[in-house]
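Just so we're aligned, residue 158 is where the sequence shown starts under this note's numbering, counting upward by one.
Cβ coordinates follow ideal geometry from the N, Cα and C atoms, glycine included.
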Amino acid sequence: MSFWQENYSFIKEVYDTRYAKMVEWMDNVEMAIQKVCASKVYTSSEFKREKDNFH
158 MSFWQENYSF IKEVYDTRYA KMVEWMDNVE MAIQKVCASK VYTSSEFKRE KDNFH
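Next up, the structure:
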């Protein structure tokens, strides 16, 4: 057997986990972008808090 055949389930689990984390991260980014793009005037502290979400 080749390396890929022997370790397919492990490799699939790793990629599935990475995919799930990426989807979760993208959902969080979309929510943060919607907050920033809202037609709202931010105070300095609110803006800093939202800015820190991207770092």
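- A Cβ-Cβ contact shorter than 8 Å links Glu207 with Val193.
- In the DSSP assignment, Ser159 falls outside any alpha helix (DSSP H) and carries neither an H nor an E.
- DSSP, read as helix, strand or coil, puts Tyr199 in coil.
- Cβ atoms of Ala189 and Phe204 stay farther apart than 8 Å, at about 13 Å.
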